[in-house]
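Q: Residue numbers (our numbering), protein chains in the order written: chain A, 344 to 718; chain B, 344 to 718; chain C, 344 to 718; chain D, 344 to 718.
For every residue, glycine included, the Cβ atom is placed at its ideal position computed from N, Cα and C.
Protein chains: 4
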Amino acid sequence: MTGLRTVKIGEIDRIHILGRTGKVREPLPLFFNGSGIEIRVTGAELWIDLETDSDNLEPWVAYEINGALMGRQMLLPGNHSLCLFRNLDPNEVKTVRFYRELQAVSEDERCRVLVHALRLDGEFCDAPKYERKLEFIGDSITSGEGSYGYVDDTVWVAMYMSASVNYATMTAKALHADLRMISQGGWGVYCGWDNDIRHNIPSVYEKVCGLATGPANEKLGAQDPYDFKDPVDAIVVNLGTNDNSAFNQPPFPDPDTGICHKQNRDEKGNFVPEDIRKVEDAVYDFLKMLRKHNPSAHILWCYGMLGYEMTMPITKAVNRYREETGDQNVAFINLPNTEKDEYGAHMHPGARSHEKAARVLTDYFRNLWNTDETL
Amino acid sequence: MTGLRTVKIGEIDRIHILGRTGKVREPLPLFFNGSGIEIRVTGAELWIDLETDSDNLEPWVAYEINGALMGRQMLLPGNHSLCLFRNLDPNEVKTVRFYRELQAVSEDERCRVLVHALRLDGEFCDAPKYERKLEFIGDSITSGEGSYGYVDDTVWVAMYMSASVNYATMTAKALHADLRMISQGGWGVYCGWDNDIRHNIPSVYEKVCGLATGPANEKLGAQDPYDFKDPVDAIVVNLGTNDNSAFNQPPFPDPDTGICHKQNRDEKGNFVPEDIRKVEDAVYDFLKMLRKHNPSAHILWCYGMLGYEMTMPITKAVNRYREETGDQNVAFINLPNTEKDEYGAHMHPGARSHEKAARVLTDYFRNLWNTDETL
Amino acid sequence: MTGLRTVKIGEIDRIHILGRTGKVREPLPLFFNGSGIEIRVTGAELWIDLETDSDNLEPWVAYEINGALMGRQMLLPGNHSLCLFRNLDPNEVKTVRFYRELQAVSEDERCRVLVHALRLDGEFCDAPKYERKLEFIGDSITSGEGSYGYVDDTVWVAMYMSASVNYATMTAKALHADLRMISQGGWGVYCGWDNDIRHNIPSVYEKVCGLATGPANEKLGAQDPYDFKDPVDAIVVNLGTNDNSAFNQPPFPDPDTGICHKQNRDEKGNFVPEDIRKVEDAVYDFLKMLRKHNPSAHILWCYGMLGYEMTMPITKAVNRYREETGDQNVAFINLPNTEKDEYGAHMHPGARSHEKAARVLTDYFRNLWNTDETL
Amino acid sequence: MTGLRTVKIGEIDRIHILGRTGKVREPLPLFFNGSGIEIRVTGAELWIDLETDSDNLEPWVAYEINGALMGRQMLLPGNHSLCLFRNLDPNEVKTVRFYRELQAVSEDERCRVLVHALRLDGEFCDAPKYERKLEFIGDSITSGEGSYGYVDDTVWVAMYMSASVNYATMTAKALHADLRMISQGGWGVYCGWDNDIRHNIPSVYEKVCGLATGPANEKLGAQDPYDFKDPVDAIVVNLGTNDNSAFNQPPFPDPDTGICHKQNRDEKGNFVPEDIRKVEDAVYDFLKMLRKHNPSAHILWCYGMLGYEMTMPITKAVNRYREETGDQNVAFINLPNTEKDEYGAHMHPGARSHEKAARVLTDYFRNLWNTDETL
């Protein structure tokens with residue numbers, strides 16, 4: 344570590360920031376899974392200075408050198424200096440990506456990852472540039488839940504989530520696209536898996552990271568309105584799986600209002616029309632919200648990695664939105680269901696299922712954008 | 344061939360007939376790709392006696408012993424005696440499937456394949472029985488066009504079509520299900536790829552084989568109303584690909600009426616509403632027709648193997664049908680698009696694309712039927 | 344078939360003949376699996392005129408258009424006119440390969456496939472040319488035994504053998520190389536699987552097709568000395584599997600001499616030294632014979648697709664040969680064993696095992712020849 | 344971390360130690376890649392207390408929960424407390440494996456990883472037991488060099504080596520076998536890749552970890568004679584790749600003796616007989632050494648993952664050993680070469696090549712041991 348100079352994160356111009364950020368850049372908060380930094384540097388050695396906090400959901404991080412995953416680890420509360428590489432050829436330019444593995448956390452106010460500085464003995468070169476930008480919005484699937492862990496593991500803990508084994512990351516890499524992810528396990532477009540209607544992604548979409556609560560996160564700008572000035576080329580929404588689960592779960596008494604919420608099936612097992620209409624309306628309204636903030640983005644609702652039951656309600660709402668608004672830049676496709684031998688931990692998609700979904704999405708955008716590369 | 348006895352096809356009770364048939368069983372016409380016979384026999388040797396005719400589209404056939412493809416060949420007009428096996432252990436029971444590879448042919452009135460008799464030195468055992476029955480309705484994809492042939496081959500000839508390398512067959516085999524196929528290359532649910540509105544599958548669905556015309560086929564019962572008394576468990580409709588093509592093709596002057604038909608895009612490239620509504624209405628009407636004749640079948644519209652452009656119109660129509668009729672036993676899913684390295688001949692799905700689609704459908708029905716086998 | 348002209352096989356100059364041939368070219372006998380013809384032609388239609396005979400082992404043939412397998416069928420005794428294609432674009436050049444699927448047959452003197460003529464409405468273009476020539480020498484593995492058929496099928500019949508699903512063919516195709524095959528199921532380098540010492544490949548190697556006996560084959564030149572004037576770049580010998588089996592089989596009484604032959608294991612299960620030495624000597628002698636007739640060929644003994652037990656004796660003999668002769672252009676590699684889920688019929692390698700072996704050999708020759716293509 | 348009790352590593356009876364160890368168990372040194380500990384514990388939380396040191400080659404470690412890789416990280420000199428899991432179900436039994444990723448290091452005397460203690464709030468259950476034990480002896484391939492890292496990375500640093508993406512680990516896991524690894528990048532059976540004759544594995548095999556030098560490692564027992572009392576079922580030797588490289592490299596002047604060493608090719612490119620004999624003799628002698636210390640182990644020399652050039656010399660030596668000693672419990676097989684698209688970093692086998700090799704070895708041992716599981 345001798346001979347390294349420390350550069351504050353806010354002073355680095357030649358940097359690519361992955362994921363949504365607000366105004367706070369010094370230190371730089373990494374709010375979502377996949378949020379991180381990417382740089383191209385010379386020098387033999389590189390360190391990153393971090394500050395993390397958490398209670399029960401400790402952040403995990405991962406880092407890549409030249410696109411290859413090198414390390415993945417847990418960070419317990421405190422200040423951390425992680426060496427990202429050492430003893431490499433000082434003259435060669437290395438591309439380094441450092442990112443958060445754990446999703447934004449709505450249950451642990453203390454949870455945060457702050458990048459303070461980089462330390463290096465080389466120089467910053469121009470950061471990677473991406474022709475295309477993608478935004479992924481989702482639930483536990485997009486949070487990579489179960490992408491790590493043994494297939495029989497069923498406890499809900501931080502270590503099983505990731506951005507490193509994740510269809511969103513795989514798709515963005517295959518398309519050489521920039522990536523933003525906004526996701527939360529258990530949440531839906533209308534309500535959570537357990538009928539908790541507060542757990543809907545649209546309610547947090549317009550804030551920098553509405554999922555990160557508490558005074559510390561507030562100070563970091565998490566609850567600030569998100570500034571949509573930096574347009575994305577496409578938005579992939581992968582929601583509906585938990586809205587479907589709610590129909591199979593007991594009622595949820597809202598602790599704020601005391602009202603019990605429950606999505607119901609009729610005696611034949613079909614969705615009760617007025618309940619499924621709530622989901623359809625939520626899809627419709629969310630599309631309007633997305634379009635308002637992203638006037639030029641192609642919006643693709645994708646669904647199916649954990650069952651196809653919501654395909655009809657979602658397509659109904661997407662069709663209504665297209666018809667009523669005249670906005671044709673919105674589409675739907677199914678992603679293939681996770682097959683028996685493709686599960687990761689606690690019945691969530693494993694690596695092979697994520698790869699399968701990424702192939703479908705990569706192909707979709709190659710055709711949409713008329714690009715010609717092969718995976 | 345000494346010591347073989349000839350049994351007329353109409354006299355064999357222990358036989359499973361694959362594909363739609365009418366009243367004519369002696370000789371047995373094989374109208375569609377995948378139409379054929381399946382038997383379980385003892386004996387060392389087995390022959391099949393056939394009569395075929397054709398002009399430019401000669402039939403191809405294939406046969407399997409114990410589920411393994413053994414032969415595939417062209418049959419030019421005439422009478423044929425094909426040896427299906429010889430010198431096998433006379434005491435062992437062999438399962439033999441013989442079937443037509445070429446789709447039903449709407450352009451060659453002479454084309455037909457008739458099974459007259461089997462010749463064998465063994466006995467007929469009980470024919471295979473299937474717990475489930477599937478009906479596939481489609482276009483060139485379901486006709487297996489390009490499933491044989493080199494990727495650069497672009498001529499439209501009989502030899503490139505098949506039931507042997509075909510997602511419908513693969514799905515039925517994986518599910519141990521019986522299979523009927525009704526398909527025609529170039530046809531759609533509303534119109535053909537070239538805006539020919541006569542080329543829609545619903546117009547032929549209610550006949551035994553509405554696609555097979557001319558006096559010879561008429562005599563075989565092809566134009567008779569199909570008797571829907573034998574119910575299927577599920578109907579898979581894979582239509583829409585040619586309805587989409589029509590929007591990119593020049594007008595088609597109907598030779599019968601002189602009227603020019605053309606599906607149009609607006610200046611932005613979107614489907615013109617009144618034209619796409621024709622497709623949507625055709626989907627809606629076809630669902631009604633399917634339900635009328637198949638009151639208990641699960642109907643799955645699947646789409647996407649050659650592009651996703653019709654996903655929104657089809658889902659709109661399926662949703663409207665579900666809503667207006669209250670019939671919830673109808674669903675939609677996308678099948679994954681054929682990727683660059685998965686094409687067969689003339690830009691149609693190759694073996695790998697068919698396998699991919701079959702995996703999705705197999706998984707779909709395993710979940711629907713709650714069966715537990717792995718592929 | 345109107346408008347086709349018949350060209351006798353012996354009069355076609357622009358033809359590539361696959362497999363070993365003797366002096367007889369009119370008609371052209373196809374002695375081995377993989378023996379056949381390859382042409383490039385214009386025209387809409389192409390036929391081949393054949394004459395075949397057989398008793399219990401009827402020949403099977405296959406044909407490809409532009410490298411894609413199109414048909415595969417049995418040919419019972421008689422004259423046959425097979426249409427290889429029709430209705431293709433008359434101006435396009437089609438590459439057509441027609442070949443024998445069934446190995447050379449040592450048990451059925453009548454068995455033969457003779458090409459008499461081609462009939463076409465187009466012209467012959469220059470036949471395909473190959474930079475490299477490969478010779479494969481082997482047993483049932485190289486005869487493609489079990490490459491067709493259901494995994495539980497155990498009867499030894501003609502239809503389960505092939506050149507179409509065969510590691511030798513796959514390797515030659517991947518390397519764009521010409522191919523000759525000389526193989527016989529059950530035979531070894533020293534003795535057959537049943538200790539029959541007459542069933543050794545070296546005893547037939549120097550004849551055109553020493554395996555094809557009887558007066559008819561003799562007349563076709565099968566028993567003539569083979570003229571080695573057309574050099575190959577490499578010889579792949581895949582023998583040893585049956586020599587290993589012999590150690591597990593009962594003694595074989597030679598009907599010609601009355602002497603009983605038996606390869607023995609000692610009480611620990613190891614090969615008895617004097618018996619395994621017979622195999623080693625046979626390897627050694629065969630290498631000498633191969634070198635004598637192929638002075639410049641790279642000779643690669645490959646082994647392992649059905650178990651590794653003979654690896655040590657074979658490498659011992661190859662090393663002795665290299666040392667005693669100074670000939671370093673001889674090598675050995677293992678091919679990967681057929682795993683449980685890779686079997687074809689009657690416990691022989693299935694398609695996946697053939698593909699695996701072909702990958703290893705293709706890579707081997709790419710490195711040897713310093714060619715750069717990927718599979 | 345409240346409520347955790349610390350248990351010194353030497354006091355844990357219910358523990359499985361992976362990799363070679365000497366007498367020192369308190370702290371427990373992890374000498375080789377793959378060296379580590381495995382336990383089964385209850386409790387919500389588990390920590391490991393470590394002490395590491397290094398100069399230029401810092402150790403990397405990895406850990407698995409229930410067989411799934413969870414973390415991988417660098418450890419710079421100092422004391423470390425790593426949390427291996429937290430917040431898991433306290434009543435469930437978790438299997439945890441913690442191991443060294445970096446090979447034993449012959450160039451950095453300071454390098455070491457010492458396990459001091461575990462901290463937990465649960466109980467130790469019986470450690471995993473393995474029916475079979477495997478020992479792998481090798482070079483950079485067995486050190487997992489390039490198993491991490493981008494394909495164009497060429498610098499020789501610690502982070503690219505692993506036991507986690509490694510054919511030896513994969514094979515042992517598939518066989519449910521215990522594993523010991525002894526390997527060193529650049530070393531051979533006779534000499535190193537650069538003709539340095541000191542870099543031969545036999546010279547260090549009889550010590551606990553002859554590769555780890557310096558006073559600190561000496562104190563840990565690295566240079567003690569290894570006690571071979573704990574027999575392995577099989578030894579897999581994967582050496583020869585660097586012995587082959589030496590023939591293509593300039594002479595190496597031995598700094599100890601001043602003598603220049605160089606393995607030579609003749610003008611045709613073949614190995615000069617007296618030089619290749621040195622390799623053969625080294626193979627022969629090493630087999631004798633292995634047998635002396637492992638009287639009952641099956642010894643399998645495997646070779647080929649980076650080219651087949653040494654196949655003949657190695658098999659020659661193995662055959663000579665078998666013949667001269669009568670020891671038939673020694674064999675050779677080729678592992679398939681790394682193909683173009685299977686490379687990891689700096690032209691070493693990547694994950695796919697390791698998987699391919701593991702399949703071949705797993706199949707080999709399943710047949711040898713007559714076990715019936717599928718991969």
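1) Could you check whether the region 428-441 of chain A touches the region 374-392 of chain A, counting it as contact only if at least three pairs of C-beta atoms, one from each stretch, sit closer than 8 Å?
2) Just curious, the alpha helix (DSSP H) that asparagine 710 (chain A) is in, first and last residue?
3) Here's a check: name, in chain order, each residue in its chain whose Cβ is nearer than 6 Å to the Cβ of cysteine 603 (chain A), leaving out the five neighbours to either side.
4) Which of the three DSSP states, helix, strand or coil, is assigned to histidine 519 (chain C)?
5) Please report the straight-line C-alpha distance between glycine 669 (chain A) and glutamate 623 (chain A), rounded to a whole angstrom.
6) At least one CB of chain C closer than 8 Å to the CB of glutamine 416 (chain B): is that the case?
7) Could you tell me which residues DSSP pairs with serine 526 (chain B) in its beta bridges?
8) Would phenylalanine 441 (chain B) count as contacting chain C if we go by Cβ distances under 8 Å?
9) What does a CB cutoff of less than 6 Å around proline 638 (chain C) pick up in its chain, not counting 5 residues either side in sequence?
10) So the beta strand (DSSP E) leucine 463 (chain D) belongs to, where does it begin and stop?
11) Counting only beta-carbon atoms, is arginine 608 (chain C) nearer than 8 Å to chain F?
12) Using DSSP's beta-bridge definition, name the partner residues of alanine 405 (chain D).
13) Which residues in chain A sit within 9 Å of isoleucine 391 (chain D), going by Cβ to Cβ distance?
14) Rounded to whole angstroms, what is the Cα-Cα separation between leucine 522 (chain D) and asparagine 662 (chain D)?
15) Ordered along the chain, which non-local residues of its own chain (more than five positions away) have a Cβ less than 6 Å from that of tyrosine 510 (chain D)?
16) Kindly indicate which three-state DSSP category isoleucine 642 (chain B) falls into: helix, strand or coil?
17) Output the boundary residues of the alpha helix (DSSP H) element that contains glycine 557 (chain C).
18) What number of angstroms, rounded off, separates the C-alpha of tyrosine 493 (chain D) from the C-alpha of asparagine 399 (chain C)?
19) Can you pull the DSSP bridge partners for methionine 648 (chain C)?
20) For chain B, find out if any of its Cβ atoms is closer than 8 Å to the Cβ of alanine 674 (chain A); answer yes or no.
21) Taking 8 Å as the threshold (C-beta atoms), are threonine 364 (chain B) and glutamate 452 (chain B) in contact?
22) For arginine 665 (chain B), is the classification buried or exposed, using 16 other Cβ atoms within 10 angstroms of its Cβ as the cut-off for buried?
23) Below 8 Å, how does it come out for the region 676-683 of chain C and the region 615-629 of chain C: are there three or more Cβ pairs, yes or no?
24) To the nearest angstrom, how far is it from the Cα of histidine 689 (chain A) to the Cα of valine 580 (chain B)?
25) So, at 8 Å on beta carbons, what are the nonlocal neighbours of phenylalanine 571 (chain D) in its own chain, with the 5 sequence-adjacent residues on each side left out?
26) Below 8 Å between beta carbons: does that hold for glutamine 290 (chain B) and lysine 550 (chain B)?
27) Quick one: is glutamate 682 (chain D) near chain C, going by C-beta distance under 8 Å?
28) Give the secondary structure of alanine 387 (chain A) by DSSP, where H, G and I count as helix, E and B as strand, and everything else as coil.
29) Looking only at its own chain, which residues have a Cβ that is under 7 Å from the Cβ of valine 508 (chain B), when we skip the five neighbours before and after it?
30) Can you give me the Cβ contacts of alanine 515 (chain D) inside the same chain, cut-off strictly under 6 Å, excluding the 5 residues immediately before and after it?
31) Would you call the region 494-508 of chain D and the region 400-416 of chain A in contact, with 3 or more CB pairs under 8 Å?
32) Which of the residues in the region 448-475 of chain D, read from start to end, lie with their CB under 9 Å from any CB of chain A?
33) What residues of chain A sit near glycine 528 (chain D), judged by a beta carbon separation below 8 Å?
34) Do you know how far the Cα of glycine 465 (chain D) is from the Cα of alanine 625 (chain D)?
35) Starting from the beta carbon of leucine 431 (chain C), find every residue of chain B whose beta carbon is closer than 8 Å, and list them in chain order.
A: Result, derived from the coordinates:
1) yes
2) Here residue 710 (chain A) refers to the residue found at position 367 of the first sequence. From DSSP, the alpha helix (DSSP H) with asparagine 710 (chain A) extends over 694-712.
3) Residue numbering aside, residue 603 (chain A) sits at position 260 when the first sequence is read from its first letter. So the qualifying residues of the chain are Pro594 and Pro596.
4) On the third sequence, position 176 is the one that residue 519 (chain C) refers to. In the structure shown, histidine 519 (chain C) sits in coil (DSSP, three-state: anything other than H, G, I, E or B).
5) Your numbering for residue 669 (chain A) matches position 326 in the first sequence. Your numbering for residue 623 (chain A) matches position 280 in the first sequence. Whole-angstrom Cα-Cα distance: 18 Å.
6) Taking the second sequence and counting its residues from 1, the one referred to as residue 416 (chain B) is at position 73. Yes - at least one Cβ of chain C is within 8 Å of the one on glutamine 416 (chain B).
7) As a first step, residue 526 (chain B) is located in the second sequence; it is residue number 183 there, counting from the start. Beta-bridge pairing links serine 526 (chain B) to B:Gly481.
8) Indexing the second sequence from 1 puts residue 441 (chain B) at position 98. Answer no: the Cβ-Cβ gap between phenylalanine 441 (chain B) and chain C never drops below 8 Å.
9) Position 295 of the third sequence, counted from the start, is the residue given in the question as residue 638 (chain C). Correct list: empty, nothing qualifies.
10) The count along the fourth sequence starts at 1 and reaches residue 463 (chain D) at position 120. Per DSSP, leucine 463 (chain D) belongs to the beta strand (DSSP E) from 455-463.
11) Reference to chain F is not applicable here, since the protein chains of this structure are A, B, C and D.
12) Stepping through the fourth sequence from its first residue, residue 405 (chain D) is reached at position 62. Alanine 405 (chain D) is bridged to D:Arg415 and D:Tyr442.
13) Stepping through the fourth sequence from its first residue, residue 391 (chain D) is reached at position 48. In chain order: nothing, as chain A lies at least about 12 Å away.
14) On the fourth sequence, position 179 is the one that residue 522 (chain D) refers to. On the fourth sequence, position 319 is the one that residue 662 (chain D) refers to. So the two alpha carbons sit approximately 27 Å from each other.
15) Mapped onto the fourth sequence, residue 510 (chain D) falls at position 167. Contacts found: His697, Ala700 and Ala701.
16) Start at 1 with the first residue of the second sequence, and residue 642 (chain B) comes out as number 299. Isoleucine 642 (chain B) falls in the strand class under three-state DSSP.
17) Here the question's residue 557 (chain C) lines up with position 214 in the third sequence. Start and end: 557-562.
18) Along the fourth sequence, one-based indexing puts residue 493 (chain D) at 150. Along the third sequence, one-based indexing puts residue 399 (chain C) at 56. So the alpha carbons of these two residues sit roughly 58 Å apart.
19) Residue 648 (chain C) sits at position 305 when you count from the first residue of the third sequence. DSSP, once it has assigned bridges, lists C:Gly650 as partnering methionine 648 (chain C).
20) By 1-based counting over the first sequence, the position of residue 674 (chain A) is 331. Yes, its Cβ sits closer than 8 Å to a Cβ of chain B.
21) As a first step, residue 452 (chain B) is located in the second sequence; it is residue number 109 there, counting from the start. As a first step, residue 364 (chain B) is located in the second sequence; it is residue number 21 there, counting from the start. Not a contact, by the Cβ cut-off of 8 Å.
22) For the purposes of this step, residue 665 (chain B) is taken as the residue at position 322 of the second sequence. By the neighbour-count rule (16 or more Cβ atoms within 10 Å), arginine 665 (chain B) is buried.
23) no
24) For the purposes of this step, residue 689 (chain A) is taken as the residue at position 346 of the first sequence. For the purposes of this step, residue 580 (chain B) is taken as the residue at position 237 of the second sequence. Roughly 34 Å separates the two Cα atoms.
25) Translated into the one-based positions of the fourth sequence, residue 571 (chain D) becomes position 228. Hits under 8 Å: His636 and Asn637.
26) Absent from the structure is residue 290 (chain B), since the part of chain B shown begins at 344 and ends at 718.
27) On the fourth sequence, residue 682 (chain D) is found 339 positions in, with the first residue counted as 1. Output row for glutamate 682 (chain D): interface = yes.
28) Indexing the first sequence from 1 puts residue 387 (chain A) at position 44. Correct three-state label for alanine 387 (chain A): coil.
29) In the second sequence, the residue the question calls residue 508 (chain B) occupies position 165. Closer than 7 Å at the Cβ level, and outside the excluded window around valine 508 (chain B), lie Gly487, Ser490, Tyr491, Ala694 and His697.
30) As a working note, residue 515 (chain D) is residue 172 in the fourth sequence. The answer, listed in chain order, is Leu477 and Leu522.
31) yes
32) none
33) Position 185 of the fourth sequence, counted from the first residue, corresponds to residue 528 (chain D). Near glycine 528 (chain D) there are no residues of chain A at all, since even the closest Cβ is about 15 Å away, more than 8 Å.
34) The residue you call residue 625 (chain D) lines up with position 282 of the fourth sequence. The residue you call residue 465 (chain D) lines up with position 122 of the fourth sequence. Rounded to the nearest angstrom, the two C-alpha atoms are 50 Å apart.
35) Taking the first residue of the third sequence as position 1, residue 431 (chain C) is located at position 88. Within chain B, the residues near leucine 431 (chain C) are Val498 and Val500.
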